[in-house]
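Step one of this worksheet: look at the structure below.
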Amino acid sequence: MTRLFQKHYHPAGTAPGTLRNLSLEQAALQGPATFLLARRDAGRWGEVEEIVPEAIPCASEEGPLCWLHVQGMPTAEELELLGERVGLHPLAQEDILNGGQRPKVERFEGALVVTLGIPEVDDEGSLHLFQLTLFMGGNIVASVIAEMLDPFVEVRRRLKERGGRALGEPDDLLYGLLDAAVDHAFPVLDGVGERIEELEMEILNHPDSSTLERLHGLKRELIMLRRYLWPTREVINQLLRDHDDLFTPDTRMWMRDVYDHTVQVMDLVESYRDMTASMLDVYLSSMSNRLNESMRTLTIIATIFMPLTFIVGIYGMNFSHPTSPFAMPELGWYWGYPGVWTLMAVVAIGMVVWFKRKRWF
Amino acid sequence: MTRLFQKHYHPAGTAPGTLRNLSLEQAALQGPATFLLARRDAGRWGEVEEIVPEAIPCASEEGPLCWLHVQGMPTAEELELLGERVGLHPLAQEDILNGGQRPKVERFEGALVVTLGIPEVDDEGSLHLFQLTLFMGGNIVASVIAEMLDPFVEVRRRLKERGGRALGEPDDLLYGLLDAAVDHAFPVLDGVGERIEELEMEILNHPDSSTLERLHGLKRELIMLRRYLWPTREVINQLLRDHDDLFTPDTRMWMRDVYDHTVQVMDLVESYRDMTASMLDVYLSSMSNRLNESMRTLTIIATIFMPLTFIVGIYGMNFSHPTSPFAMPELGWYWGYPGVWTLMAVVAIGMVVWFKRKRWF
Amino acid sequence: MTRLFQKHYHPAGTAPGTLRNLSLEQAALQGPATFLLARRDAGRWGEVEEIVPEAIPCASEEGPLCWLHVQGMPTAEELELLGERVGLHPLAQEDILNGGQRPKVERFEGALVVTLGIPEVDDEGSLHLFQLTLFMGGNIVASVIAEMLDPFVEVRRRLKERGGRALGEPDDLLYGLLDAAVDHAFPVLDGVGERIEELEMEILNHPDSSTLERLHGLKRELIMLRRYLWPTREVINQLLRDHDDLFTPDTRMWMRDVYDHTVQVMDLVESYRDMTASMLDVYLSSMSNRLNESMRTLTIIATIFMPLTFIVGIYGMNFSHPTSPFAMPELGWYWGYPGVWTLMAVVAIGMVVWFKRKRWF
Amino acid sequence: MTRLFQKHYHPAGTAPGTLRNLSLEQAALQGPATFLLARRDAGRWGEVEEIVPEAIPCASEEGPLCWLHVQGMPTAEELELLGERVGLHPLAQEDILNGGQRPKVERFEGALVVTLGIPEVDDEGSLHLFQLTLFMGGNIVASVIAEMLDPFVEVRRRLKERGGRALGEPDDLLYGLLDAAVDHAFPVLDGVGERIEELEMEILNHPDSSTLERLHGLKRELIMLRRYLWPTREVINQLLRDHDDLFTPDTRMWMRDVYDHTVQVMDLVESYRDMTASMLDVYLSSMSNRLNESMRTLTIIATIFMPLTFIVGIYGMNFSHPTSPFAMPELGWYWGYPGVWTLMAVVAIGMVVWFKRKRWF
Amino acid sequence: MTRLFQKHYHPAGTAPGTLRNLSLEQAALQGPATFLLARRDAGRWGEVEEIVPEAIPCASEEGPLCWLHVQGMPTAEELELLGERVGLHPLAQEDILNGGQRPKVERFEGALVVTLGIPEVDDEGSLHLFQLTLFMGGNIVASVIAEMLDPFVEVRRRLKERGGRALGEPDDLLYGLLDAAVDHAFPVLDGVGERIEELEMEILNHPDSSTLERLHGLKRELIMLRRYLWPTREVINQLLRDHDDLFTPDTRMWMRDVYDHTVQVMDLVESYRDMTASMLDVYLSSMSNRLNESMRTLTIIATIFMPLTFIVGIYGMNFSHPTSPFAMPELGWYWGYPGVWTLMAVVAIGMVVWFKRKRWF
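So the protein lines, in turn, are chains C, H, D, B and W.
First residue of the first sequence? That's 1324 in this note's numbering, and the numbers climb one at a time after it.
First residue of the second sequence? That's 1324 in this note's numbering, and the numbers climb one at a time after it.
First residue of the third sequence? That's 1324 in this note's numbering, and the numbers climb one at a time after it.
First residue of the fourth sequence? That's 1324 in this note's numbering, and the numbers climb one at a time after it.
First residue of the fifth sequence? That's 1324 in this note's numbering, and the numbers climb one at a time after it.
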C-alpha cells in the first residue's frame, strides 16, 4: 500500500540547514545523481550533456543561459557544491535532502526556489509524490528531482527540435518546466478517474468485501493528492502575483495558463472526493439492501414453514385414552389426512397472499 | 451514463498553444464548423448568413459591428485562420480545441475572451456541458460553440425582429449573448428539480434498489454542474468589477441582472445538493424501517410458534414404561388432548398480548 | 407539500425587461392588484385610500411624502404605468412579475429598490415565501407584494394612530417597512421551533415511519428558508454600509436594530438545522435500538426453544430393535419422562442464566 | 428539558422601542429589580447600597464614578427612569425587556452598551443563558441582569477589600465586569466537560437507550452555547479594535486577556462538539456490534440445532411396510440408536469446528 | 485515558494577575523549578549553569546576552522574582501558573512573550501537551516549561559544541528555541501516524470491539492536537509578519522555515483526521458486512432445513383410520421411505441451486 507520509527529518534542535547523507538503502532506491547541462549559445540550445558536479557553471559569472537538471539523489557533498556554484541556499539544500516538503516558493537574495510535488503511479498501481525543486538565479535555471522519475523528457526533445526559438529566457524556461511539471498530473488523475468509474460499476453491480478496501485506498490517495495539490495552486498564484521583476508580461500571460491547469487539477480532485463520498453511501445502502433481502427471504420461509411444522407436530402426538372422545379423534377420521393437507395448504397460501399484498416479493 | 470529466489534453511537456486536430470519430460527433456572420450596417442588423472561413472579417480594419458565430468543431486550420483574422490568442484557440475548460475570463492585448459551460440534457436524459467561447475585440464579437447545441437561436430571431434597436454596441451584444447563455441553465435545472421531486415521491412511497442508483446519478450530475457553475459566477462577477473601459455603465447595470441569475442558479444547485443529501438519509432510514418490519414479523412468528412446536413435540415422545406412573400419564388422560390445546392457546394469546403491550403491532 | 422552488422565467434569449402577463389561473391565485395610497400633508399622515392606477403620483414632481402600497399581482400594463410614474426600472418591473427573486438591493439612477422574501405559513401548515419589493425615490416610497399576504396592517394602524410623529421622512418610512417585513419572520420561526420540539418528543418517545417524512419536510423548509434568508442579511448589511446619502445617521442607528434581527433569524435557522441533523441521528439510533431489541428477543426465544425441541424430538424417534440394549432404553426407564423434563429445565435455566450474565435482559 | 430558544418579541410592525411589561408569571420567575449603587469618592469605593429607582444618579452631571447594578427584571417604568437618568437608549431598554438578544456592542451618542449572555446551570442540571447588559457613559457604569443570577458577587467583595486601588476608572470598571462575566463560563464548561467524560465512559462500557437521549440533550446545549458564544467573541474583539477613545492602552492590554478567554471558551465548545460527534459514531457502532453479536449467537444456535432436529425428525417417521426392506430398516438395527447419536455428534462438532475456523467465537 | 482539557482557573471575578501556588500534589507531579543560565561573553557561549532564583540577571542593565531556562513549576514567589528581574508581565506570570493556555504572542512594553504547547507522548502512550513560555526582552531570552519535559537538550548541546558561532543575537536565540519547540511535534506525529497505520491494518483484517475504542481515542487526541496547533501556526505567522523591529531580515528568513514546519504539522493533523474519518466508514462497513454474512448463513440453513423438517414431520403423524384409503397410505408403500429421501434431496438441491444462482455463496 502507498505510504501516506514520507519525510525524513532530523532530531528537533539540530541546527537548521544541516545536511545528512541518506542511509545507503534509501540512496539505492532513489539512484545516484546525474547532472545534465544544456547551454544556450548564440540563440540556440546546444545538446544536453551529462557533466560531473565539478563542471557546474557559476551563477555569478556572466554567461549564456544554462539549464542544469539533476536527476536522482545527490550526496550532501554534491549538493553543497551545487549550492556554492549556483547559489542555492542551505535551507533549500536541506529541503532537497529531506524530501516530503510542502510545495512552496521561496526567494533567497534574488534567487527563486520553487518546490513542487509531482504525482506518479508506479508499476504496481500505487501513487507516489516526487519532490521537484526548481531554481532560477542569474543565467542559471536548475531543476532537481531526487527520484527515478524524469518529467522533462518531452521538454528536452522540444529544445532539441525547436532549439532556436523556444524557451530563450530564464523566466521562459522556468515557465516551461513548471508547465511540464503541472501537466504531469493530468494522466495520473485520468487514471484515478478510470479507477473511480470501475469501482462505481462494481459497487452498483456486484460489490464484495474487497470493494470497500479499494474505495478506502482511493480515498487515502485523494487525501494525499489534495494535501500536496492545494499548496501547489498557491505556489503558482504567488508566482503570478507578486514577483513583478522576475517574469515578463508575456511569460506571465502564459503562466496564467499554468494556473488554470492547477485549478482544474484541484477541481478534479475535489470532484473525485465528492464522488467517492457518494459511492460510499451507495455501497452502504447496497449492503443494507442485501441484508433486507436476506431478512425477507428468511422471514418468508420461517413464516410459512413454522405454522406448518407446528400442525404436523400436532398429529405426531400420542394422546390415546382408549375411551375418551377427545383423544385426537381427528387421527381416526376418514378424511383426516387429506383434511390436514387442506389446512396446511390454506395456511401456506394465506401467508403467500399476505406477503404479496405487502409487496414482499 | 453521463461521462463525468471530458477533456482532451496533450502530453505534458508539449509546447503550449499547440493545436491538434481531433480524431475523426470525435469530429464526426461534434459536426463540422459552420460560420455564421451578421453585420450591422447603418444602425440595422442585416441577415445572418453562412460564410466560408476565408470571408471572416479582420478585427484590425475599421468597419461595422460584426457578430461571427461558429457552430460545430472547427479544424485546426480554420481556427488558426479565425485567430489571425479576429485576433484570437493561440492559448484561447487551444482551449477551444481541447474543450473541458473551466469557465474563465482572459484578456489578450485588449481583446476579451470569456469561456463558459452550457449545461444541456440530451435525448436520453443525460446531462452534458458544452463549452462556449465568447470573444470581443474591436468591432467583432465572436462566439464559438464546438458542439451540436445552438444556444443563440432566440437571439438571432430577436436581431431579425427588432433589428434596428437591439444590441447595437459590441459590449451590448456580448451582454446579450452572455444573458442567453446563462439563462440556458434554467430549464435544465427545472428538469433536474422535477427529477428530484419524482425521486422524493418514490423514496417516500416505494423505494427499490434502482432508486439509489438514480439518486447517485443525480448527485453525480450535481457535482459536475457545481464544478462548472461556481467559476461561472466568478466570471460574471469579474466582468462586472474590473473592466471599466469595456462596458458602458448602462450595460453594466444590465450585467448585474446576469450576475443575479448566475447566483440564483448556484443557489438552486446548492439547494438541490442539500435536498439529495436529505433524501439519502430518508432512503437509508426507510431501508432500516423495512428491516425492522421484517425482523418483527419474524420475531413474532418465531416467538409464537417455537413454544407451540415444543409443546406438540413433547407429546410426540414415546416414553412407555409399562408400570411407571411417570411415563407420560397425560397421554392417557381423558381431557389430555383438549388440555394441551388450552395450554397452547394460553401461550399463544399470552405472547400476542405481550407484543401488543410492547406496541409491536 | 410546499413547492420548493417557484420562479417563472421566460425562454433564454428573450430580451431582458420583457413583461408578460401571468396565465389566468395564476393571476386568480394571487388576486388582482389593489393600489393603496397614503399622503403626508402638513406633517400628518392622511387616511390610506384605495386609488386607480392612473392616480399614482409622479416621483419627478415636488410634493408631499407618499406611500404607495400595491397589494396583489398587477398586470403588465399597470406595472408599466407604475414604472413610468414613480420611476421603477424595467428590470425591477420584470422581477416583480417573475417572482422568486433572490433578496437584493439595486440602485437605478438614484432610486433604491429592495427585494425581500417574506415567509408565511398557510392554513395547511405549508411554508411559502412571498416576494416583497420596496422602492424609494424622490418623495415616493412604494411597496409591492404580489400576493394575498399583507404584512403592513400593523404599520397602517400605527400611521393612523400616531399620524403626526411617526415615519415622517422617506428613509424613515422605508426603515419602518423593512422592520415590519423582517419581524414577520419571528412568529413563523416560532411555529417551526414548536414543530421541531414536537417532533423531538415524538422521536424520543414513539417514532413511527411518518416521523421521518415529517422530519424530511422540516429540513426541506429549512433549506428553502435558509436560501432566502442568507441574502436578506446581506441586503440589510448593504443598506447599513454603503448608501451614505440615503439614510440619516438616526435612521441608520434604527436600521442596525433591523440588521440584528436578521442575524438573529439566521442564527435561529442555523440552530434549527443543527437540531434537525441531531434529531435524525437520534431517529436512526432508535431504529437501530429497536432492531437490536427484536433481534435479542428472537435470539433468546430461539436459543431456549431450539435445544428443547431437539430433545423432545429425540424421544419421538421409533428405534425399536427388540433385543438390542441400545434401542432407546431411556424410553422404558421408570424415571425416564421426569428425567427428560429435568434435563430440559436445566438447559432452559442455563440459557437464561447465560443471557442474564451477558446482560441481555 | 432546557428550552432552546427564549425570546419575547412584539408583533411585527409595532413601533420599535416600545416597552411592554412582562406578564405577571414571568415577572415572578425573574424577581423584581433591586438597584445597587457603589460610589467612588476620594479615590476609594464606598459601600454598595440598595437604592430606590428615583435615586439613580444622572450621567449628565459631573460627579464621582458610580457603578449601578440592577438585579432582577425592572418594570417598564423603572427602565424608562433608568434610561432617562443614565442615558440608556430606548432600543437598549427594549432589548433588556425582551431578553434573548444576540451578544452585541452598540454605541448610542457616546455611550457604550454591551449585551452578553451568561451561561448558568440550574439545580436540575439544565443550562440557561442569562442576558447581561453593560452600560458605560460619562461617569456611570451600569450593569443590568434581569434574572436571579448575580455574577458580580466576587467583584463587589474585591471592591470592598481593595477599595482604594482597584477599578478606579469607568473603562477599568467595565473591563472588570466583562472579565467576571466571561470567566463565568469556565465552571459551566467544566461541568459540561465532566458530563461528556461520564457519557463517554457509559457509551464505551454499557450504553442503553437513555444514553442517546442524554447525548442528544448535550448536543442541544452545545448548539445553544455556541450560538451565543460566537458573537461574544466578536463583541470583545470589537471592543479591542475600534473604540480608540474609550479604553486606555493599559485597559486594552488587560482586555486582550478577556479576549483570550473568550477564544478559549469557543475552542472548548468546538472541541466538545467534535467529541460528541465522535461519541455518536461510537454509540452507533456499539449498537451495530451488539446486533452482530446477537445475530451470531442466533446463527450458531440455529446452524447447530436445525440439522439435529431434522435428523431426529427422520426417525420419528412411521414408515412401516411390513415386508419392504426400505421401510426404515435403521430403526431395527442393533446399533441404530447409538449410530444416530454418533451422526448427530459428528454434525454438531463439524459445525462448531467450522465456526471456529471462521473465528465466529 | 488522556485528560482532554486541563486548565486551572481561579473563580470568576478574582482580580486578574493574581498568582496562586499550586496544590502540593500537583506541584509534586511537575517537580520544583530549576533555573539554568547561559551567558554569552566575548562572542562565545559559556557553560550552562544552575543558579538560585536570586541570581537571575536584570533585563534593564546592559550586559551580555543571557539565556535563562526555567525547568519545572516555579512557586508564585519565584515567578514574581523572575517577573521583576526580567520584566515578565503579571498576566504572563499568571498564564504560566495556570497552564493550559492557547498558543499566543503578546507584547508587553517592548518585551515579547510567546506561549506554545509542546505535544509529548508519555510512557503509557497517552498524549500530553506541555506549555512552553518564551520571553525576549533586552538582552535576556527566557524559556519556562513548568513540566518534566525538557525540549532544549539538543540546543544546549549545540551551544556547547558550536559556542562561538551559533545563536549570537536575542532574536536568533529565540528563533532557535522556537525551531526546537516546533520540531518537537514531528516524532510525536510520526508515532500517531504509525498507530493510524496499525489501526488501519486491524480494521481491514480483523476488527474487534476494542478497535473502535482505540479509533475513538485517536480521534480524541487529534481533536486535542488540532485545538493547540491551529493557533501555533497563527503565532508563527504573526511573528513573521508584524514585528519589524524585533527580527533581522536574516532571522526572518530562517523563521519562514519554522512557519513551513508548523504548516506541515497542521497538514499532517488534518490528513490524519481525514484518514480516521475514512477508517470509521470502513469499520462500520465491515460490521455491516459481517452482519450480512451471518444473516446469509442463517437464511441458507433455515431455508434448507425448515422444509426438510416439515417433510419429516408429516410422516411422523399418526393418522390411522383402519379402512380409509387416505390415512397416510405413503407410510405403507414399498418405496415410501426411499421416496421421501428422494423428495428431500430434490428440495435441498433445489434450494442450493437457487442460492447459487443468486450468488449467495
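Idealized CB from N, CA, C, for every residue including glycine.
Test: residue i CB closer than 8 Å to a CB of chain H
i: H1644 of chain C; result: yes
Cutoff 8 Å: residue i Cβ touching any chain D Cβ
i: P1630 of chain H; result: yes
i: W1677 of chain B; result: no
i: R1680 of chain B; result: no
Within 8 Å, strictly: CB atoms of residue i and residue j
i: L1603 of chain D; j: L1538 of chain D; result: yes
i: T1555 of chain W; j: L1439 of chain W; result: yes
i: L1737 of chain H; j: V1437 of chain H; result: The question about residue 1737 of chain H has no answer, for chain H in this structure spans 1324 to 1684.
i: R1367 of chain B; j: L1388 of chain B; result: no
i: D1494 of chain W; j: L1569 of chain W; result: yes
i: S1617 of chain H; j: N1615 of chain C; result: yes
Test: residue i CB closer than 8 Å to a CB of chain C
i: M1667 of chain W; result: no
i: R1613 of chain H; result: yes
i: A1625 of chain W; result: yes
i: Q1394 of chain W; result: no
i: R1564 of chain H; result: no
Exposure label - residue i; buried when at least 16 CB within 10 Å
i: S1449 of chain C; result: exposed
i: I1623 of chain C; result: buried
i: P1355 of chain D; result: exposed
i: S1533 of chain D; result: exposed
Chain B contact for residue i (CB, 8 Å cutoff)
i: L1439 of chain W; result: no
i: P1648 of chain W; result: no
i: R1518 of chain W; result: no
Residue-level contact to chain W via CB, residue i, 8 Å cutoff
i: I1546 of chain B; result: no
i: V1558 of chain C; result: no
i: E1536 of chain C; result: yes
i: G1487 of chain B; result: Any reading at G1487 of chain B is ruled out, since the residue's pLDDT is 49, under 50, leaving its predicted position unreliable.
Hey, is the stretch 1462-1471 of chain W in contact with the stretch 1371-1386 of chain W, meaning 3+ C-beta pairs nearer than 8 Å? Counting Cβ pairs under 8 Å, three or more are found: they touch.
With a floor of 4 residues, list each alpha helix (DSSP H) that falls wholly inside the stretch 1547-1601 of chain D, ordered by position along the chain. If we require 4 residues or more, the stretch 1547-1601 of chain D turns out to have no alpha helix (DSSP H) run fully inside it.
Take every Cβ of the stretch 1628-1647 of chain C, pair it with every Cβ of the stretch 1628-1643 of chain W, and state whether three or more of those distances are shorter than 8 Å. They touch, by the three-pair rule.
With contact counted as at least three CB pairs below 8 Å, one residue from each stretch, are the stretch 1411-1419 of chain B and the stretch 1505-1522 of chain B in contact? Segments in contact, no.
Can we say the stretch 1604-1617 of chain B touches the stretch 1641-1648 of chain B, given the rule of at least three CB pairs closer than 8 Å? No, they do not touch.
In the stretch 1455-1482 of chain B, which residue ranges form an unbroken beta strand (DSSP E) of at least 3 residues, counting only runs that do not cross its ends? Runs of the beta strand (DSSP E) spanning 3 or more residues and lying entirely within the stretch 1455-1482 of chain B occur at 1463-1468, in chain order.
Tell me whether the stretch 1384-1404 of chain H and the stretch 1467-1479 of chain H touch, counting them as touching only if at least three CB pairs, one residue from each stretch, are closer than 8 Å. Below 8 Å, enough C-beta pairs join the stretch 1384-1404 of chain H and the stretch 1467-1479 of chain H to call them touching: three or more.
Would you call the stretch 1419-1433 of chain C and the stretch 1441-1448 of chain C in contact, with 3 or more CB pairs under 8 Å? The stretch 1419-1433 of chain C is not in contact with the stretch 1441-1448 of chain C.
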